[in-house]
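Beneath this line is the structure, given in structure tokens, with notes to follow.
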Ligand SMILES: Nc1nc2c(c(=O)[nH]1)N[C@H]1C(S)=C(S)[C@@H](COP(=O)(O)O)O[C@H]1N2
Ligand SMILES: [Mo]
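Residue numbers (my numbering): 856 to 1186.
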């Protein structure tokens, strides 16, 4: 496919709803985060194709009709932006929970005859241009073969409707449980390879320094793949006025790749008992709630901490999944 027109060109994003506005379980399409590093390709579907290449026995090029001819699968999942790759430790809480529809990546790879030698799947988007002063001819990401399962989609639907241009029309990769950056939009090529992808979106950006045992950053990095445990308080909203001595419900959402097993909630640093947490259901976020009776007037600080089955928890600060605090006014 020849280079497509970008409109707009360059970095383009839509800031999502704030945590206290995320009141619905499923995020409506018009409220979803939009994050485009290089611009928004405007693709004519009759000129679009998806090539499947690299370490496969039968390389092929799929038209949009070929993609639709596969059985359609849907996956409901959290969809989270990891935040700016230039500020990877900054919590941005760009989180949504949506339903994707499309063709399973494993069906496409099976038809192409994926080689046992392959260790990574590279994906390429139709967008091109400059990000942070680096020129790229295509957006490019990669996935370890170990992550390839039946829930990864080449999606052409979002929340039951066609994929909007900004979200990757006509088709995009969706890797549930991995940060949004790995879900390549305007997908034009997938390649089976034996090494990590070489472009700046996998080598230079979206790699976290691994902390040394003494807490200092060491040279090694870890790809920004699996979503770390996180939670947000939806209600009460920041600076809400709460009457002293009256019970209120504190509630929010918690999520992680693989689900969350516990959420603890504190008010002014004191643990609240009786937190209820939904069991993980697929890859969607989980509602938590607890009752609290404000017992002192003035400002109170509420916080929630999510924990995964492997024991990893939200850190207090300096990570993209750092604890969310909400200050309320007790009157
Ligand atoms: N081709 C391409 N795919 C991309 C991006 C991009 O800039 N180009 N941005 C990524 C990032 S950082 C995120 S968070 C998600 C956002 O998807 P959305 O805009 O549909 O919510 O798309 C990912 N896929
Ligand atoms: Mo992102």
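Glycine residues also receive a C-beta, built at the ideal position from the N, C-alpha and C atoms.
Asked, Found
"Going by DSSP, which residues form a beta bridge with residue 1174?", "Answer by DSSP bridge pairing: none, since residue 1174 is not bridged."
"Determine whether the beta carbon atoms of residue 972 and residue 917 lie at a separation below 8 Å.", "no"
"At a cut of 8 Å, does the segment 932-940 reach the segment 880-890 through at least three beta carbon pairs?", "yes"
"Between the alpha carbons of residue 1173 and residue 945, how many angstroms are there, rounded?", "6 Å"
"Go through the residues and name those whose CB comes closer than 6 Å to any heavy atom of ligand 2, in chain order.", "890, 936, 937, 1035 and 1036"
"Check whether the Cβ atoms of residue 994 and residue 975 lie closer than 8 Å to each other.", "no"
"Tell me the DSSP bridge mates of residue 890?", "868"
"Flag this pair as yes or no: are the beta carbons of residue 1009 and residue 923 separated by less than 8 Å?", "no"
"If you draw a straight line from the alpha carbon of residue 1177 to that of residue 1184, how long is it in whole angstroms?", "23 Å"
"Counting C-beta neighbours from all protein chains within 10 Å, is the total for residue 1141 16 or more, i.e. buried, or is it exposed?", "buried"
"For residue 1134, which of 1116, 1148 and 1146 has the nearest alpha-carbon?", "1116"
"Go through the segment 958-998 residue by residue and report every complete run of the alpha helix (DSSP H) that reaches 4 residues or more, in order.", "960-967"
"Helix, strand or coil for residue 1123? Go by DSSP, reduced to three states.", "coil"
"Hey, which unbroken runs of the beta strand (DSSP E) at 3 residues or more fall wholly within the segment 928-957?", "928-936"
"Quick check on residue 1085: buried or exposed, where buried means 16 or more other Cβ atoms within 10 Å of its Cβ?", "buried"
"Considering just the uninterrupted stretch of the beta strand (DSSP E) at residue 1056, what are its terminal residues?", "Unbroken run through residue 1056 is the alpha helix (DSSP H), 1055-1058; no beta strand (DSSP E)."
"I believe residue 1091 touches residue 991 by the beta-carbon criterion, under 8 Å. Please report the beta-carbon distance rounded to the nearest angstrom.", "At roughly 43 Å, the Cβ-Cβ gap does not stay under 8 Å, so residue 1091 and residue 991 are not in contact."
"Quick one: Cα of residue 952 to Cα of residue 1015, how far?", "13 Å"
"Between 1164, 876, 1123 and 867, which lies nearest to residue 1088 when the distance is taken from Cα to Cα?", "876"
"With 16 as the cutoff for other CB atoms within 10 Å, does residue 1094 come out buried or exposed?", "exposed"
"Regarding residue 1043 and ligand 3, is the C-beta to nearest heavy atom distance less than 7 Å?", "Only ligand 1 and ligand 2 can be found as ligands here, which leaves ligand 3 out of the picture."
"Grab me the residues of residue 1237's own chain with a C-beta within less than 7 Å of its C-beta, minus the 5 sequence neighbours each way, in chain order.", "The requested residue 1237 is not part of the displayed model; the chain covers only 856 to 1186."
"Flag residue 1133 as yes when its Cβ comes closer than 7 Å to any non-hydrogen atom of ligand 1, and as no otherwise.", "no"
"When the distance is taken between beta carbons, is residue 1156 closer than 8 Å to residue 1120?", "no"
"Taking Cβ to Cβ, would you say residue 960 is nearer than 8 Å to residue 1007?", "yes"
"Quick check for students: name the residue ranges of the beta strand (DSSP E) that lie wholly in the segment 1124-1158, counting only runs of 3 or more.", "1141-1147"
"Would you check whether ligand 1 has a heavy atom nearer than 7 Å to the C-beta of residue 893?", "yes"
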